[in-house]
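Just so you know, the protein sequences line up as chains F and S, in that order.
The first sequence finishes on residue 519 if you use the working numbering, and the numbering steps up by one all the way, no holes.
The second sequence finishes on residue 346 if you use the working numbering, and the numbering steps up by one all the way, no holes.
By construction, the Cβ of each residue, glycine as well, lies at the ideal position given by its N, Cα and C atoms.
Take a look at the structure below.
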Amino acid sequence: MKQFKTVFGFEFKNYVRNKVFIGLTLFLVLVMAVIMFFPRIKNAFAGGEEAADEPTGQPAVLLLFDENGAYPAGMLEDAILRVNPAFVIRTPESADAIRKEIEDGAADYALVVKESDVFDFYVKNKTLYDSTGELLRVAATNALQTYLMQISGVDAGTTAAVLSANASLNVVAVGQDQTASIGYTYVMIYALYMVILIYGQMVANSVAGEKGSRAMEVLVTSVRPNAMIFGKVLATTLAGLIQIVAVFGSAILFYRVNASAWGDNPVIASFFNIPGALFGYMILFFLLGFVMYAFLFSAVGSTVSKPEEINMAVTPVMLLFISGFIVTILSISFGSTENIAIKIMSFLPFASPMAMFTRIAMGSVPGWQIGLCVGILVLSVWAVGVLSAKIYRTGILLYGNKPGLGSVLKAMRRA
Amino acid sequence: MELELKNVSKSFGEKRVLDNICFTAHAGRAFGLLGRNGAGKTTTIRLIMDVFPADGGEILIDGKPIDYGKLGTGYLPEERGLYPRKRIDEQLLYFARLKGMNKPDAVKSIDYWLGRLGMAEYKDKKLQTLSKGNQQKIQLVTAVAHDPDLIVLDEPFSGLDPVNAGILKDVVNEEIEKGKIVLFSSHQMNYIEEFCDHIAILNGGKIALEGSLREIKRGYPRTTLFVRSPEIQKIAAAYGGAPEDDSLLLKLSSEDEKKSVMQNLSGAFEIDEMRVVEPSLGDIFVEYAGQSV
């Protein structure tokens, strides 16, 4: 235990004093700050002209042009103002002027009636969240329906009543609402992916570095391999956790500071509105996944002679990890978190931290399955830890050609 | 205290590297492990240090299997190397603490040793900024700072200049006087001859010769005479041999002949110095390790 503490302290200090570690953490915190302060930054730079593009800024100017006079005067204007009273509607001289006015910024949008049910919608740049086109489609449909009813002899009162009739739909998601959980699920999966790859590489390099510099021989005669590998892996885990907390903690802090500026942006809200229980699962799976891979990477690091050989050696571990990652990400993308592949993956310890978290976050998983998964995972982490310590004990003194799986196993039996 | 290897064997794959090795090293005396490259010296040392286990035989301290958790061991491996990019005092502290020292004692001991080896000024430097010889002195601190009972030094003199070799010699002597078991391997016969009361010569994984250096030398026929005399040319004319300056080596065929020659010489010539020449360790080494058995 004393040796474990000494190794743990030494390795942990190595991380927190490492310039790359400090630099990366500060950089990520800065990135979070830029993202979270983005609405304010953008507003600060936005002049009066650009502000017209904003949904919350100046009223938008809409050019309306009925090429063949398909609609009675005023009908389209009424329909458009019904969906957004803030539009300033102008009628241009000719169809040719429209493109130029939009380009020059004299007008924001234009709606051109080609036929009674065919419209052209002009906009300078179609931005991702601009819903004006959809709004105008609704208005045009309303106008078309009004017009059709009018020419079939329905009176204006009935028409208005029919068109304003609306059914309401209340969504009752008994399990999970995927639209709400997809944001933080993605964040968790990508964060785990990044952190495992970065720290896995670091811990493998640390072991290989000790072999490369030949410090290993003094180490093995001074410290038990279990204390060595557990100290290393858990110090790495703590360093990783601190970095994660620093980055995501600052993100949450900066988001709180800027909550009003973000308004009710659904995208950003989906990252932060994570239920407490899920957050608990996130931490649990994150830690278990991280520790297991850190063990594997350090074991692999002990089988090479110098750090340069790491990249080839870690490939099998990477493939294992990436296959779980791909299945999980594809399942999230297709919104299908109960397909057979992800179900299997959610019990395989190498993929289950990602797969099971995704299933819990985006679907309904029976309690026994979660329990089974966590049980398998905890046992696997322990087993991988002990096995890695053995590989480590064996691998650290193998120099020369990179040993194959066979020679490592043989050496382990002898050790 | 004594360290005893009993019938220790080790193979790597098909190759039998050590075959029934036996020797005993005593506290307060230095033990020299000799052998040509590949004879099995480093493997023997690694087995003693429990870097890997032996295939057969026993390694005992005072007749009992070694408890590495309890026995203080200090080790200077043949493959030198610590953390190149770390501060010297920090890594020395790390190793001392791994060896079970508490922090204040470790700091004190490290300061003492850095001072003793003339390295105090480099304390806060990174290891890689030091020359190879100085790095080796730092590594020596990891082997002795925690005051171990058993000190194993694998080729400790290689790479050291004569001044540093002198410092290391003093350090080794001090440790021997403190009653430690000091075991080391070297190619440099003069150092072994200087320190070691006891030697073992390894050849092809077997012990070719083991025992007290003095007794080994005594076991050799003592039939060579060293003679120094102002009349050396006359002696050479009478007894043969090629004089160098005023001295001469006379190789005689038997103890009896040696005795009578000594008497005759002292009676007939003016003699400044006359003694029986023992074989050097180098001669013995070449004889026992010169060819693979």
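Between Arg138 (chain S) and Lys94 (chain S), the C-beta spacing is not below 8 Å. Per DSSP, the continuous beta strand (DSSP E) segment holding Ala214 (chain F) begins and ends at 213-219. Neighbourhood of Ala319 (chain F) in chain S, by CB distance below 7 Å: Gly134, Leu135, Tyr136, in chain order. For Tyr147 (chain S), the neighbours in chain F by C-beta distance under 8 Å run, in chain order, Thr110, Phe114.
Taking C-beta atoms as the reference points, Leu400 (chain F) and Val482 (chain F) fail to come closer than 8 Å. Leu151 (chain S) reaches chain F at Gln107, Thr110, Val111, Leu323, Ser326, Val327, counting residues in chain order whose Cβ is nearer than 8 Å. Note that the C-beta distance between Val307 (chain F) and Ser402 (chain F) is below 8 Å. Residue pairing of Gly88 (chain S) in beta bridges, as defined by DSSP: S:Leu255.
By the CB criterion at 8 Å, Ile112 (chain S) and Val61 (chain S) fall inside the cutoff. Annotation for Ile206 (chain F): Leu167, Asp212, Tyr213, Ala214, Tyr226, Val227, Lys228 place their beta carbon closer than 8 Å to its own, counting only its chain and skipping 5 residues before and after. Within 10 angstroms of the beta-carbon of Leu323 (chain F) lie 16 or more other beta-carbons, which makes it buried. Excluding sequence positions up to five before and after Pro332 (chain S), its CB lies within less than 7 Å of the CB of Lys270, Tyr273, all in the same chain and listed in chain order.
Judged by pairs of C-beta atoms under 8 Å, the segment 122-134 of chain S does not touch the segment 159-173 of chain S, as fewer than three such pairs exist.
Of the residues assessed, Asn243 (chain S) falls on the exposed side of the cut-off, its CB having fewer than 16 other CB atoms within 10 angstroms. Between Ser406 (chain F) and Tyr303 (chain F), the CB-CB gap reaches or exceeds 8 Å. Under the 8 Å criterion on CB atoms, Tyr128 (chain S) is classed as interfacial with respect to chain F. Taking a C-beta cut-off of 9 Å against chain F, the contacting residues of the segment 100-111 of chain S are Met102, Asp103, Val104, Phe105, Pro106, Asp108, listed in chain order. As a beta-bridge residue in DSSP terms, His79 (chain S) pairs with S:Glu55. Residue F:Asp170 holds the alpha-carbon nearest to the alpha-carbon of Asp221 (chain F) among F:Ala269, F:Asp170, F:Tyr233, F:Glu181. With fewer than three CB-CB distances shorter than 8 Å, the segment 312-322 of chain F does not count as touching the segment 339-353 of chain F. In chain order, Val322 make up the part of chain F whose C-beta sits under 7 Å from the C-beta of Thr195 (chain S). About 4 Å separates the beta carbons of Ala80 (chain S) and Met54 (chain S), which is inside the 8 Å limit, making them a contact pair.
Exposure of Lys123 (chain S) is indicated by the presence of fewer than 16 other C-beta atoms within 10 angstroms of its C-beta. About 6 Å separates the beta carbon of Ala398 (chain F) from that of Thr341 (chain F), a gap short enough to meet the 8 Å contact definition. Judged by DSSP in its simplified three-state form, Val61 (chain S) adopts strand. Per DSSP, the unbroken alpha helix (DSSP H) holding Gly272 (chain S) starts and ends at 266-272. Excluding its 5 nearest sequence neighbours in each direction, Asn246 (chain F) has C-beta neighbours in its own chain below 8 Å: Ala183, Arg186, Val187, Leu267, listed in chain order.
Judged by DSSP secondary structure, Asp223 (chain S) falls within the alpha helix (DSSP H) whose first and last residues are 215-230. Contact annotation, Ile204 (chain S) with Ala196 (chain S): C-beta distance approximately 6 Å; criterion of less than 8 Å satisfied. For Lys410 (chain F), the three-state secondary structure derived from DSSP is coil.
Here Leu424 (chain F) is near Phe454 (chain F), since their CB atoms are less than 8 Å apart. The C-alpha of Tyr175 (chain S) is placed about 38 Å away from the C-alpha of Leu134 (chain F). Pairing Thr97 (chain S) with Leu87 (chain S) gives a Cβ-Cβ distance that is not under 8 Å. Distance from the CA atom of Ala201 (chain F) to the CA atom of Gly209 (chain F), rounded to whole angstroms, is 12 Å. For a cut-off of 8 Å, the C-beta gap from Thr110 (chain F) to Tyr147 (chain S) is around 7 Å, short enough to register as a contact. Between the alpha carbons of Ala174 (chain F) and Met298 (chain F) lies a gap of roughly 58 Å.
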